[in-house]
């Protein structure tokens, strides 16, 4: 079981279900762009991008179960696709 799976399992035991997830963790590197090493960039990317992505991925599994009577799993894309951005799609890229 991964650390994320453990985190969500503890949450489910404590609260019974998952209602919402906010990905609000991240790091910054306080070096100039000329000084940032590949290792710095890899750490930044792993924390800020991969961390949020895989947290969301694990959360979706639980959210689908929590709201299975309200939102059919195959319809989750109605809430999580690029159409949600409407005319601002270009600005999100």
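Residue numbers (this note's numbering): 40 to 132. All residues carry an ideal CB built from backbone N, CA and C; glycine is no exception.
Excluding residues up to 5 positions away in sequence, 57 lie with their Cβ nearer than 7 Å to the Cβ of residue 102 in the same chain.
Between the stretch 78 to 85 and the stretch 46 to 62 there are fewer than three inter-stretch CB-CB distances shorter than 8 Å, so the stretches are not counted as touching.
When C-alpha distances from residue 96 are compared across 68, 40, 60, 65, the shortest belongs to 60. CA-CA distance, residue 50 to residue 42, rounds to 12 Å.
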